Amino acid sequence: MNRLLQSPFFLVTALVLVTTEACASGGRGGFEPAPEPPGVVPGEDRSETPDSGAKPKDPGAQDQDAANPHDAANPNDATIPDAAAKDASPQDAAPTDDASAPDGGTIDPGPMCSQTPCSLVAPQCGCATGNACVIDGTGARLCAAAGTGDEGQPCGAGALCRPGQLCLAYPASTTLTMCAAFCNTDADCGSRALCRTTLGDGTGGTIPGATFCTIDCDPAEQTGCAPGSECTVYLEPEPSARFFTDCRAKAAAPGTQGSACSTTDDCGAGYRCLDFNGTTAGGTECSHWCKVGSGTGCGAGSTCFPFATPLSLGGIEYGYCR
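Going left to right, the sequence shown walks through residues 146 to 467 as this note's numbering numbers them.
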């Protein structure tokens with residue numbers, strides 16, 4: 146169901162965060178392309194195995210050489226949160242219903258505001274204290290009860306989002322809901338996130354008037370996402386081709402560092418299924434995101450390797466463990 150409102154809180158179910166750009170069928174270097182409806186979270190290509198002493202290949206470049214490792218997962222396999230965007234985020238799980246209008250929402254007389262009747266992006270204006278400016282299934286703005294939930298935190302009845310955020314549900318996991326921030330530009334989002342997702346209306350279109358930030362989370366430390374989800378890195382389609390973080394629904398999986406895998410779904414949260422032997426027929430193993438320099442994200446016995454061309458988000462360089 147793609148409802149925007151369920152009194153007393155706003156809950157977008159079966160929502161599809163649709164990117165504002167067309168998405169490529171696959172990401173550079175095995176990275177997941179920017180969210181279309183939910184897609185996959187592959188890993189990165191490697192020019193050579195870390196054991197060879199050479200730095201891994203630039204994650205943005207693809208290499209067909211059989212000696213070069215590449216993501217074992219097909220970018221069209223797994224699913225990512227529909228609360229992510231069109232397969233960045235975050236190709237599966239499209240919305241099923243149109244968003245419905247909220248139950249009894251009204252405009253509360255609030256402080257003077259430059260926007261009518263209220264503004265969505267924090268700091269909001271136009272609603273009375275204790276309320277937040279939200280949207281209904283048509284994109285119309287109105288005021289409704291607000292809570293204290295912040296970006297990436299679970300939300301729902303009794304756990305409302307603070308002003309400037311909306312409670313979104315991920316079709317890939319019917320019970321997974323998180324607060325997401327309204328935005329006008331990337332400057333309204335966290336340092337690892339982008340202002341690039343909109344709400345699907347259930348018919349292939351988008352609900353006008355609102356754009357959201359992807360979730361600013363940490364893939365190495367796996368922080369910033371609600372329980373039942375994981376933080377990962379996505380790649381916008383060309384020509385922008387920018388990396389950004391977002392949360393995606395994640396089922397429990399046994400794979401840890403070095404575990405054999407066929408796809409990323411065989412690995413636990415924070416890992417990708419990578420092929421270090423250059424063939425998906427063998428040599429695939431789970432590899433965790435990490436922070437270059439500090440090694441954060443890698444356990445005992447593994448080392449954090451950087452990409453040949455550094456992958457930096459929010460001033461932090463990320464790599465992979467092996």
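Idealized CB from N, CA, C, for every residue including glycine. The structure displayed is predicted, hence computed values, not measured ones.
Within 7 Å, strictly: CB atoms of residue i and residue j
i, j, result
"residue 367", "residue 376", "yes"
"residue 301", "residue 322", "yes"
"residue 432", "residue 466", "yes"
"residue 313", "residue 292", "no"
"residue 371", "residue 299", "yes"
Residue i to residue j span [Cα, whole Å]
i, j, result
"residue 402", "residue 463", "16 Å"
"residue 290", "residue 364", "32 Å"
"residue 461", "residue 336", "10 Å"
"residue 339", "residue 421", "30 Å"
"residue 307", "residue 429", "43 Å"
"residue 458", "residue 408", "25 Å"
"residue 416", "residue 274", "43 Å"
"residue 439", "residue 328", "32 Å"
"residue 347", "residue 448", "45 Å"
"residue 405", "residue 435", "19 Å"
"residue 324", "residue 294", "7 Å"
"residue 326", "residue 418", "30 Å"
"residue 453", "residue 345", "37 Å"
"residue 331", "residue 297", "17 Å"
"residue 360", "residue 455", "21 Å"
"residue 379", "residue 387", "8 Å"
"residue 445", "residue 437", "15 Å"
"residue 341", "residue 268", "19 Å"
"residue 276", "residue 349", "31 Å"
"residue 303", "residue 260", "29 Å"
Under the three-state DSSP convention, the category residue i falls into
i, result
"residue 390", "strand"
"residue 429", "strand"
"residue 314", "strand"
"residue 438", "coil"
"residue 454", "coil"
"residue 361", "coil"
"residue 330", "coil"
"residue 348", "coil"
"residue 409", "helix"
"residue 400", "strand"
"residue 321", "strand"
"residue 447", "coil"
"residue 370", "coil"
"residue 301", "strand"
"residue 258", "coil"
"residue 306", "strand"
"residue 335", "coil"
Own chain residues within Cβ distance below 7 Å of residue i, not counting five before or after
i, result
"residue 398", "410, 411, 412 and 413"
"residue 353", "284"
"residue 258", "264, 270 and 271"
"residue 266", "309, 327, 328, 329 and 333"
"residue 441", "365, 366 and 435"
"residue 400", "406, 411, 412, 413, 416 and 431"
Residue i, enclosing beta strand (DSSP E) - first and last residue
i, result
"residue 353", "351-358"
"residue 464", "461-466"
"residue 345", "340-345"
"residue 418", "416-420"
"residue 381", "Taken as a continuous stretch (DSSP letters only), residue 381 belongs to no beta strand (DSSP E), as it is neither H nor E."
"residue 286", "286-290"
"residue 265", "Counting along the chain, residue 265 falls outside any beta strand (DSSP E), and DSSP gives it neither H nor E."
"residue 277", "276-280"
Beta-carbon contacts of residue i that lie in its chain and below 8 Å, excluding the five residues immediately before and after
i, result
"residue 373", "318, 320, 321, 394 and 395"
"residue 443", "402, 433, 435, 449 and 466"
"residue 369", "296, 297, 360, 361, 362, 363, 376, 390 and 392"
Closer than 6 Å: residue i CB and nearest the ligand PLP heavy atom
i, result
"residue 405", "Among the components of this structure there are no ligands whatsoever, and the ligand PLP is therefore not found."
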